[in-house]
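S.K.: Got a structure here, written out as structure tokens. Questions coming.
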Amino acid sequence: MEYNFSELEPRWQKWWKEEGVYHVENGGGAEGRPHFYVLDMFPYPSGAGLHVGHPLGYIASDIYARYKRLKGYNVLHPMGYDAYGLPAEQYAIQTGQHPAVTTEKNIARYREQLDKIGFSFDWDREVRTCDPKYYKWTQWTFIQLFKHYYDNTVGKAMPIAQLEARFAKQGTEGLDAACTEELSFSADDWNSYDENRRQQVLMNYRLAYLADTYVNWCADLGTVLANDEVVGGLSVRGGYPVERKLMRQWSLRISAYAQRLVDGLEQVDWTDSLKEIQRNWIGRSEGAAVYFQVESGKRKVEREAAAPGELSTFHSPLSTFEIFTTRPDTIFGVTFMVLCPEHELIDSITTPEQKSEVEAYVTWAKNRSERERQAEVKKVSGVFTGAYAINPLTEEKIPIWVSDYVLAGYGTGAIMAVPAHDSRDFAFARHFNLPIRQVVSLEKDVTSDPSTWTESMDAKTGYSVNSGFVSGMKVKEAMKAVIDRIEEMGIGHRTVNFRLRDAIFSRQRYWGEPFPIYYKDNVPYTIPEECLPLELPEVSEFKPTATGEPPLGHAQKWAWDEKNRCVVDKALVDNRTVFPLELSTMPGFAGSSGYYLRYMDPTNDKEYFSADAVDYWQNVDLYVGGAEHGTGHLIYARFWNKFLFDLGMAKKEEPFQKLINQGMIQGRSNFVYRSKADNNLYISKGLIKNMDDVTPIHVDINIVDNDVLDVERFREWRPEFKEARFELEDGKYVCGWEVEKMSKSMYNVQNPDDLVARYGADTLRLYEMFLGPVEQAKPWDTNGIEGVHRFLKKFWKLYDNCLNESQGADQAIKQSSNQALKVLHQTIKKVTDDIERFSFNTAVSTFMICVNTLTEQKCGSREVLKPLAVLMAPFAPHVAEELWHQLGEKGSVCDAEWPEYDEKMLVEDTVKYPVQFNGKMRFMLELPAAATQQEALEAVKAAPESAKWMTGEPKKVIFVPKKIINIVC
RNA sequence: GCUCUGGUGGUGGAAUGGUAGACACGAGGGACUUAAAAUCCCUUGCCCGCAAGGGCGUGUGGGUUCAAGUCCCACCCGGAGUACCA
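Under my numbering, the residues of the first sequence are numbered 26 to 994, in order.
Printed below as a string of structure tokens:
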């Protein structure tokens, strides 16, 4: 019988669906199977559909999920869609097509493509982030974040109501909580505050909070963006310029979790590189906070002290400011101070003489685009304020400068500059001719003249010099000694800073989750949880309004009726019972942060997910997806999960136990070469004498086979090639090739449907795995797919011997020979090992070796072929299912039992030893498996080949049983 | 700049200190066929040699070891992340 994949694959896909083969129940049934959760990062359904790179991870995880199921696990393997997003909305702005319509269409296309590949997804659990039944819980979580604060003393999120109770009883006394700004007030103060004032104070602590912050504003997209959505001053989506802008926005206080996010990395089984990406992004650094006094006396600064509890923009009392340093040991080398241009102190300390210069600089620096600033990092700029600070340890007078190399968002926005030991301070000092003082030397007491240096000495090694009481100490000791002294003096303390900023959570866009928030007198209130979901309203336009409001400003029915607890027309807003609703929507990462939990209990309309469901599944055992989510989704999801863990909902603090990054599939482009001398002449690659004589032109990889161009289809491809002439080699036009990004513009996009149609899903699955290690980036090259397809045909043919009764006269081949059993057991062992370590490419090779050997042996034994079909089932489920049924089984091969190998079957009587002389392999020698070193040596001496290499008695003999013999002479 | 990765035939890759190049692709040769497709067989790291055989080979240079693609040190090149984070 022929291997007719195009008939059998759809047939089994239909059967699986009808039989509900991939339906999964929580609890695993009466037999109490152990649970296992395999998850793929769900896709954004783009209009382009899947290309061959997308399914790579899905295939790997599908193999693993199917394998685990065969091993007796109850495996959760769901799929869904990250359906909110910019492209559908941009398309809506251009065409007026509602993003919901585009999204629906794209999802249908994705589903069709996914179905063809034969995944074992339980589609009954599908989630879509844009589905109100789903985003109800995204909104719900937001409300919980709003209603909680982070208490540092217990190290977890606590209800905001407890904070209110505390304020009423003791004010801020003894409070250690994550906040935007340190506040200090008494119980009496609190009790005297009105509702608005209290709400303002609470906002300072909420985990989801509204605040004026510098945000990444992208004018072209009309929205703010989170830090991970901006790279090099440009938006990740679309590549539009981004500027810094002070705006009132929702943020999530993820920084409260920074330490736990670092610590949690110790518990998970992720690649070092991904953990490193997260560590860098979180950017933990230990150091000291030190207060510097501004020199007083020259001029008197008048300012009314901030009233207790007032949300002033001032952090510290006027005459001192706080700096953060990781090098407290270098405090004796401070020769100037630098404030960021946004620093609140600038106005009050600048001397009249410097005023105009400072103001000009600050204005210039603030208006600079982020991109400009980043591009000109090497250019030093700054201005002297005229004011001086006092070094608390030396009592020296130190000039205070302003420069944009100090960032407002990190630490306190102010630094002590130690030009000798910090490259940025060094560059600044050189530029403005400020003194440089060496306070660290590599060897004890050996100093040189810093004016001769070409660069600063930044390393945290060596000894302190010129440093008062720490002189002569090692850098590490000096750090500790200085902090101790500073703490004694009460002018600073050790502290930890994180680079991780709070996540800006508002987007001025339409296609996202609405905030369940309305405003009373500009104070935000959450709509009652029972009223969720707050559904995305219809709008007349997807663009911002004429007054610059987000698209939801166009929605007519968009106001909250507090009394009737429903959404009403905004014309009814009276700010007494009917209030305006929030106009921003949530960002992409809102819906993708907790979706893995929702899969556990996807249709629950009472809760996010039931306690039973999460008790059963716990967390994701294996998560497969791209490393590009290292600083976005994977941080947010971990934060989200930790918050839900604090609420007692998530059972594990880390959501994704093991994580595998699938490598990017790069494109492999083909080129034709047009002669520069003759515009219609295309020269085959091998005939080009000088590359300068030709112009390489991208050519569609679909009209190229094994780098040979189909010249007829090329002429039809585009009108300008209609009259093309060719210079052929051996009658063929050979194209050049190069590895590039897979993209439409390079005509190197490979669509999985075409390959499924041509070779079948099983071939595609095997080939994607065969290409190389899953984690590694690799170019897509269809050239090798034939080999895998040939293998499947051969595999199929093997079963003829077993199944075909008319030819079955030859009973001998139906008997299982020891040889065949041995091959089978070797295969079981290797394939099991390979799957366990996610080495799917070598597993496929092992199958090839197995089938080649069994074919040579003419094996037709059921005893061998039946388990082999099970082994193949995770990789090529369709053909395995077909053969399984042809062998007479009634149930699905998915529910078979994974074969165990028998060590006894693998025992060899003899071992072929490589014999080395002085480490060089010279010949092979077959010895009994039980041979001792002595016997081996005798045999080597007796071997005729040895004569040439043996010079007298060996000096040393290395004998590694079953591995090698090495004679040293 | 910093961090992480990777560097092995014409190509994708294999080799968990023990025969470097498994398994495939491509290429060359052959069988079957009127022919083609399909299928099957042989050769295929480089160099010397008719052959037997030998030499050289895993980015470069050192080192550890009986033995190094694999471990250590220094460097070169590619890819990714990040970027004035004090």
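No residue lacks a Cβ here, since even glycine has one placed at the ideal position from N, Cα and C.
Examine the Cβ distances between the segment 248–257 and the segment 642–660 and report whether three or more of them are shorter than 8 Å.
M.R.: Contact holds: three or more Cβ-Cβ distances are below 8 Å.
S.K.: Buried or exposed: where does Pro377 fall if 16 or more other Cβ atoms within 10 Å of its Cβ makes it buried?
M.R.: Label assigned to Pro377: exposed.
S.K.: Does the beta-carbon of Gly199 have 16 or more other beta-carbons within 10 angstroms, so that it is buried, or is it exposed?
M.R.: When all chains shown are included, Gly199 counts as exposed.
S.K.: Skipping 5 residues on each side, what residues in its chain have a beta carbon closer than 8 Å to that of Pro366?
M.R.: Excluding residues within five positions, the ones whose Cβ falls inside 8 Å are Tyr386, Val387, Ala390, Lys391, Val427, Ser428, Asp429 and Ala433.
S.K.: Can you tell me whether DSSP reads His814 as helix, strand or coil?
M.R.: Three-state result, His814: helix.
S.K.: Say the cut is 7 Å; is the CB of Ala108 nearer than that to a heavy atom of the ligand GDP?
M.R.: The ligand GDP is absent from the structure shown, which contains no ligands of any kind.
S.K.: Excluding the 5 residues preceding and the 5 following Ser971 in the sequence, name in chain order all residues of the same chain whose CB lies nearer than 6 Å to its CB.
M.R.: For Ser971, where only same-chain residues beyond five positions count, the Cβ hits under 6 Å are Val965.
S.K.: Got a sec, what are the start and stop residues for the alpha helix (DSSP H) Asn866 sits in?
M.R.: Asn866 -> alpha helix (DSSP H) spans Phe865 to Glu881.
S.K.: Could you check where the alpha helix (DSSP H) with Pro904 kicks off and where it finishes?
M.R.: The identity of residue 904 in the sequence shown is Val, whereas the question assumes Pro. Here the alpha helix (DSSP H) through Val904 covers Pro902 to Gln911.
S.K.: Need the endpoints of the alpha helix (DSSP H) that Lys505 sits in, please.
M.R.: From DSSP, the alpha helix (DSSP H) with Lys505 extends over Val500 to Met514.
S.K.: State the DSSP-derived secondary structure class of Pro979, mapped to helix, strand or coil.
M.R.: In the structure shown, Pro979 sits in coil (DSSP, three-state: anything other than H, G, I, E or B).
S.K.: Could you spell out the range, first to last residue, of the alpha helix (DSSP H) harbouring Thr128?
M.R.: Taken as a continuous stretch (DSSP letters only), the alpha helix (DSSP H) holding Thr128 covers Pro124 to Ile142.
S.K.: In chain order, what residues of the same chain lie with their CB nearer than 8 Å to the CB of Gln911, ignoring the 5 residues before and after it?
M.R.: These residues qualify, in order along the chain: Tyr824 and Leu828.
S.K.: Would you mind sorting Gln687 into buried or exposed? The rule is 16 or more other CB atoms within 10 Å of its CB.
M.R.: Buried is the call here.
S.K.: Could you name the residues that DSSP lists as bridge partners for Met362?
M.R.: Paired residues: Ile425 and Met441.
S.K.: Once the 5 residues before and after Pro986 are set aside, which same chain residues still bring their CB inside 6 Å of it?
M.R.: Taken in chain order, the list of residues that qualify is empty.
S.K.: Would you call the segment 553–571 in contact with the segment 128–138, where contact means no fewer than 3 C-beta pairs closer than 8 Å?
M.R.: Verdict: no, contact absent.
S.K.: Is the beta carbon of Ile374 closer than 8 Å to that of Ala412?
M.R.: Going by C-beta atoms, Ala412 is nearer than 8 Å to Ile374.
S.K.: By the 10 Å Cβ neighbour count, where 16 or more other Cβ atoms means buried, how is Cys155 classified, buried or exposed?
M.R.: Buried, by the Cβ-count rule.
S.K.: Starting from the N-terminal side, write out each stretch of the alpha helix (DSSP H) that is 4 residues or longer and does not extend beyond the segment 381–431.
M.R.: Segments of the alpha helix (DSSP H) lying fully in the segment 381–431: 395–400.
S.K.: Helix, strand or coil for Tyr550? Go by DSSP, reduced to three states.
M.R.: The answer is strand: DSSP assigns Tyr550 an E or B state.
S.K.: Could you have a look at Ser86 and say whether DSSP puts it in helix, strand or coil?
M.R.: Ser86 falls in the helix class under three-state DSSP.
S.K.: What residue range does the beta strand (DSSP E) around Asp586 cover?
M.R.: Ala584 to Asp586 is the span of the beta strand (DSSP E), which, as asked, contains Asp586.
S.K.: Compare the Cα-Cα distances from Thr472 to each of Thr479, Glu480 and Gln463 and report the closest residue.
M.R.: Looking at the Cα atoms, Gln463 is the closest of the given residues.
S.K.: Are three or more beta carbon pairs between the segment 745–760 and the segment 865–874 nearer than 8 Å?
M.R.: Segments in contact, no.
S.K.: How big is the Cα-Cα spacing for Thr880 and Pro924?
M.R.: The straight-line gap from Cα to Cα measures roughly 21 Å.
S.K.: Please list the terminal residues of the continuous beta strand (DSSP E) segment that includes Gln318.
M.R.: It spans Arg309 to Val319 - the beta strand (DSSP E) in which Gln318 sits, taken as one unbroken run.
S.K.: Tell me the start and end of each unbroken alpha helix (DSSP H) in the segment 947–977 that is at least 4 residues and wholly inside, in chain order.
M.R.: Whole alpha helix (DSSP H) segments, 4+ residues: 958–967.
S.K.: With a Cβ-Cβ cutoff of 8 Å, do Ala159 and Ile132 count as a contact?
M.R.: Ala is not the amino acid found at residue 159; the sequence shown has Tyr there. Contact flag unset, no.
S.K.: I believe Asn99 touches Val49 by the beta-carbon criterion, under 8 Å. Please report the beta-carbon distance rounded to the nearest angstrom.
M.R.: Between Val49 and Asn99 the Cβ distance is about 7 Å, and since that is below 8 Å, they are a contact.
S.K.: Considering only their Cβ atoms, is the gap separating Asn866 from Pro798 smaller than 8 Å?
M.R.: Yes. Within cutoff.
S.K.: Do Phe664 and Ile279 have their CB atoms nearer than 8 Å?
M.R.: In contact: Phe664 and Ile279 (Cβ atoms closer than 8 Å).
S.K.: Give the DSSP-derived three-state secondary structure of Met66 in the structure shown.
M.R.: Of the three classes helix, strand and coil, the one that applies to Met66 here is coil, per DSSP.
S.K.: Hey, could you find the ends of the alpha helix (DSSP H) Gln225 is sitting in?
M.R.: It spans Glu220 to Met228 - the alpha helix (DSSP H) in which Gln225 sits, taken as one unbroken run.
S.K.: DSSP three-state label for Val848, please.
M.R.: If DSSP states are grouped into helix, strand and coil, Val848 belongs with the helices.
S.K.: Put Trp742 into one of helix, strand or coil per three-state DSSP.
M.R.: Reduced to three states, the DSSP call for Trp742 is helix.
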